[in-house]
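Enquirer: Numbered according to full-length UniProt numbering, the sequence shown spans residues 1 to 531. Handing you a structure now.
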Amino acid sequence: MSSWVSFPKQWKLEDIQAGLNVLITALSGLVIFVFVRLSWQSGARRIAQTKAVSLPSLFTLNTPGEVLDAAGVLKHKLLDHPNILTQCVVVALFSITTLVSGPIARYTTRTASISTELAVNGYLTTRSHNSNGDDQVMWNLTMTSLDRAGFPVDEMLDYLPDPSIHWLYRQEEWNNSWSFTCQSIDATPISLRMSDNCSDYMSKVQGLDSVIPSLQYSEAYSYSRGGYYVNSTLWRDMLMFFHAVNYTAYEEETDIYHHVSMSLAALHLHNIPLNGTDFSGPCELDVGPVESAVFTRIDCDIDHQPVDHHKIGNIAYPDTGDFASISSAFVQYYNSRFGYESISNQPTTIITPRDLRRFFQTYIVTKDVQNRLPVERNLMVSVLVVQISTAFLVIYCLIAFIAIFGGFQYALFLLLNRKILPLLPQSKLDWIVQAAANATPSGFAQSGGLSWVVTTSSPHVDVSQARPEQRKQVLFEIAWYSPWRPQPLPQQIFGLQKASPNSDVTPASQLSPVSTVPVPASPGMRAPGLQ
1 MSSWVSFPKQ
11 WKLEDIQAGL
21 NVLITALSGL
31 VIFVFVRLSW
41 QSGARRIAQT
51 KAVSLPSLFT
61 LNTPGEVLDA
71 AGVLKHKLLD
81 HPNILTQCVV
91 VALFSITTLV
101 SGPIARYTTR
111 TASISTELAV
121 NGYLTTRSHN
131 SNGDDQVMWN
141 LTMTSLDRAG
151 FPVDEMLDYL
161 PDPSIHWLYR
171 QEEWNNSWSF
181 TCQSIDATPI
191 SLRMSDNCSD
201 YMSKVQGLDS
211 VIPSLQYSEA
221 YSYSRGGYYV
231 NSTLWRDMLM
241 FFHAVNYTAY
251 EEETDIYHHV
261 SMSLAALHLH
271 NIPLNGTDFS
281 GPCELDVGPV
291 ESAVFTRIDC
301 DIDHQPVDHH
311 KIGNIAYPDT
321 GDFASISSAF
331 VQYYNSRFGY
341 ESISNQPTTI
351 ITPRDLRRFF
361 QTYIVTKDVQ
371 NRLPVERNLM
381 VSVLVVQIST
391 AFLVIYCLIA
401 FIAIFGGFQY
411 ALFLLLNRKI
421 LPLLPQSKLD
431 WIVQAAANAT
441 PSGFAQSGGL
451 SWVVTTSSPH
461 VDVSQARPEQ
471 RKQVLFEIAW
481 YSPWRPQPLP
491 QQIFGLQKAS
501 PNSDVTPASQ
511 LSPVSTVPVP
521 ASPGMRAPGL
531 Q
């Protein structure tokens, strides 16, 4: 099983974390409420059976403040009351959980990318355009999209997915009409010299035959240059691109050259001498050696795969007649970065054979989708989604289930014992009212004269003899919540009242007289435990 579970992609991280914060807080409050009520329920069952029950078994804690109060009163005796101790632990634990609900929500969620198949908008190619001039933004977006998708550099695209979508390449989803294979020449240093022949740059730079040998037998070629010069006598860095091409296997019916042979080369020259007096064409370069030069090159064969004739108009167009625009586009794309590196005297970035293949691929497809023919295709897409920890989800689902089940059990207990709910004190208000009942028990009697009072469990315990700091603890541990019914008895002062043989209710005074500090009797009635 995965350690993370994904939400729908429309859901936002901040919304989920805010919701988790609320849920953790609410669930913590529910757990405290249910657990405390179930602890109280174990003692309340005896009350439902009209039996006396020890006061600690009815004691409930709801807040960290009450936990501290209980610990302050009971101290080490807290270990002798497991039900109170467990309440302290649960209340403290889930109160802390509420305080740290924000960090919990933060570290149990994350954003991650998952792959799924979606309908992706894009554009079909056409064979309508020979060139595409200086489209820097589209070139950059397309190259980034192709690299991110892992698209191979040996295919031409007949369809360009929306570059803003993080689509992924799967071979079975593509059936492109052109493929190409290339031989690569990695960065290679070369010695070059400027001649006195100013007819063109190809003649001016001696040694170019080694940079792109196919120039000698290509039917068409082009070159473009850019760079940065320091002054009238020194060109610090020059970037040149060369493109040589042959078109063969022409089919008149479709107007397609089914085979294209081409060479692409990038040449970087450093510290070229300039002619300070003549700035016209190649003669701007002075006679003399170039300090250093390095080139990269690809030699490629591009082949067209047969397709249905009705699709001929919507395939890539690498056999374009405007071959000069290709070398020009390379300079337009790379010259900006090259110039900044030269100006700041930083090492210039080597344009690799793969870079040459990728930009050629990019230039052709951006040229071919200028008509913007929209089409939608199913592609594998990387989608950013919010995920939640499986461990956290399992733990909190289990806690929620237990809390809901416990709440149902508690509600069922109240429903079955709804007729005696007034006898079941649990809140602070209930116990305040019970204190009043202790003072005037007959005034709170149920039908039949039965009332409930808090009494002490042993006639032998003299609370007044306990140390002041222990008095609350002693009273709490010996206290019982007991049934009591006033009975007419013979006139006997301070004698213990006997239970009627036929009575099934034990008087509170027989269970335990009210400590040694008597409860004052109201006019017309006797105090509990006294006759």
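Every residue gets a Cβ at the ideal spot worked out from N, C-alpha and C, and that includes glycine.
Among all the DSSP beta bridges, which residues are the ones paired with Ile380?
Expert: Checking the sequence, you will find Met at residue 380 rather than Ile. Paired residues: Glu117 and Leu168.
Enquirer: Which residues in the same chain as Gly227 place their Cβ atom closer than 6 angstroms to its Cβ, once the five residues preceding and following it in sequence are excluded?
Expert: Cβ neighbours of Gly227 beyond the five flanking positions: Asp237, Met238 and Leu239.
Enquirer: So what's Phe151 in DSSP terms, helix, strand or just coil?
Expert: Correct three-state label for Phe151: coil.
Enquirer: Determine contact between the region 104-114 and the region 13-20, defined as no fewer than three beta-carbon pairs at a distance below 8 angstroms.
Expert: Yes, since at least three Cβ pairs between the region 104-114 and the region 13-20 fall closer than 8 angstroms, the two stretches touch.
Enquirer: Taking 7 angstroms as the cut-off, decide whether the C-beta atoms of Trp235 and Leu264 are in contact.
Expert: Going by C-beta atoms, Trp235 is not nearer than 7 angstroms to Leu264.
Enquirer: Taking only the alpha-carbon atoms, compute the straight-line gap between Ser177 and Ser327 and give it to the nearest angstrom.
Expert: If you take the alpha carbons of Ser177 and Ser327, they lie about 24 angstroms apart.
Enquirer: Beta-carbon within less than 6 angstroms of Ser145's beta-carbon, same chain only, minus the 5 sequence neighbours each way: which residues are those?
Expert: Only Pro163 meet the Cβ criterion.
Enquirer: Over the uninterrupted beta strand (DSSP E) stretch that includes Pro273, give me the two end residues.
Expert: Ile256 to Pro273 is the extent of the beta strand (DSSP E) around Pro273.
Enquirer: In whole angstroms, what separates the C-alpha of Gly43 from that of Val36?
Expert: If you take the alpha carbons of Gly43 and Val36, they lie about 12 angstroms apart.
Enquirer: Can you tell me whether Ile32 is buried or exposed, with buried defined as 16 or more other CB within 10 angstroms of its CB?
Expert: With 16 or more Cβ atoms within 10 Å of its Cβ, Ile32 is classed as buried.
Enquirer: Return the Cβ separation of Val386 and Thr109 in integer angstroms, given the expectation that the two are a contact with Cβ distance under 8 angstroms.
Expert: Indeed, because the Cβ distance is near 6 angstroms, the residues count as touching under 8 angstroms.
Enquirer: Going by C-alpha distance, which of Val205, Pro213, Pro82 and Asp147 is nearest residue 542?
Expert: As shown, the chain starts at 1 and ends at 531. That puts residue 542 outside it, with no answer to give.
Enquirer: What do you reckon, are the CB atoms on Thr366 and Thr142 nearer than 7 angstroms?
Expert: Cβ atoms of Thr366 and Thr142: closer than 7 angstroms.
Enquirer: Quick check on Val89: buried or exposed, where buried means 16 or more other Cβ atoms within 10 Å of its Cβ?
Expert: Label assigned to Val89: exposed.
Enquirer: Are the CB atoms of Asn21 and Ser101 within a distance shorter than 7 angstroms?
Expert: It is a contact, given that the beta carbons lie within the stated cut-off.
Enquirer: Nearest CA to the CA of Thr277: which residue from Pro289, Ser292 and Thr233?
Expert: Nearest of Pro289, Ser292 and Thr233 to Thr277, Cα basis: Thr233.
Enquirer: I'd like the span of the beta strand (DSSP E) that includes Gly226, first residue to last.
Expert: That run of the beta strand (DSSP E) goes Ala220 to Asn231.
Enquirer: Tell me whether Leu124 sits in a helix, a strand or coil according to DSSP, three-state version.
Expert: Correct three-state label for Leu124: strand.
Enquirer: Can you tell me whether Ile96 is helix, strand or coil according to DSSP?
Expert: Helix at Ile96.
Enquirer: Do you know how far the Cα of Thr111 is from the Cα of Thr352?
Expert: Straight-line Cα distance between these residues: approximately 34 angstroms.
Enquirer: Measure from the alpha carbon of Phe295 to the alpha carbon of each residue in Thr362, Gln171, Asn132 and Leu356, then state which is nearest.
Expert: Nearest option by C-alpha distance: Leu356.
Enquirer: I need the DSSP call for Gln183, collapsed to helix, strand or coil.
Expert: Strand.
Enquirer: Sort out for me which residues DSSP pairs Trp4 with in a bridge.
Expert: Partner(s): Ser389.
Enquirer: So, helix, strand or coil for Thr108, using DSSP?
Expert: Thr108: coil per DSSP, three-state reduction.
Enquirer: Under three-state DSSP, which class holds Glu173?
Expert: Residue state, collapsed to three classes: helix.
Enquirer: If Phe359 sits next to Tyr333, beta carbons under 8 angstroms apart, how far is it from one beta carbon to the other, in whole angstroms?
Expert: At roughly 6 angstroms, the Cβ-Cβ gap stays under 8 angstroms, so Phe359 and Tyr333 are in contact.
Enquirer: Taking the straight line between their C-alpha atoms, what separation do you get for Ile212 and His258?
Expert: When rounded, the distance between both Cα atoms is 23 angstroms.
Enquirer: From the DSSP output, in three-state form, read off Tyr159 for me.
Expert: Strand.
Enquirer: Under 7 angstroms, do Leu269 and Val290 count as touching if we go by C-beta distance?
Expert: Closer than 7 angstroms, so yes.
Enquirer: CA-CA distance, Lys9 and Trp167?
Expert: When rounded, the distance between both Cα atoms is 15 angstroms.
Enquirer: Could you spell out where the beta strand (DSSP E) holding Thr296 opens and where it closes?
Expert: Looking at the DSSP string, the run of the beta strand (DSSP E) that includes Thr296 is Ser292 to His304.
Enquirer: Looking at Thr254 and Ile312, is the spacing between their C-beta atoms short of 7 angstroms?
Expert: Contact: yes.
Enquirer: Closer than 6 angstroms by C-beta to Thr248: which residues in its own chain qualify, once you throw out the five before and the five after it? Chain order, please.
Expert: Excluding residues within five positions, the ones whose Cβ falls inside 6 angstroms are His259.
Enquirer: According to the Cβ coordinates, are Ser179 and Asp158 closer than 7 angstroms?
Expert: Contact flag unset, no.
Enquirer: Would you mind working out which of Gly133, Asn335, Gln136 and Ser214 sits nearest Asn246, comparing C-alpha positions?
Expert: Measuring from the Cα of Asn246, the nearest candidate turns out to be Ser214.
Enquirer: When the Cβ atoms of the region 392-405 are set against those of the region 22-31, are three or more pairs found closer than 8 angstroms?
Expert: Verdict: yes, contact present.
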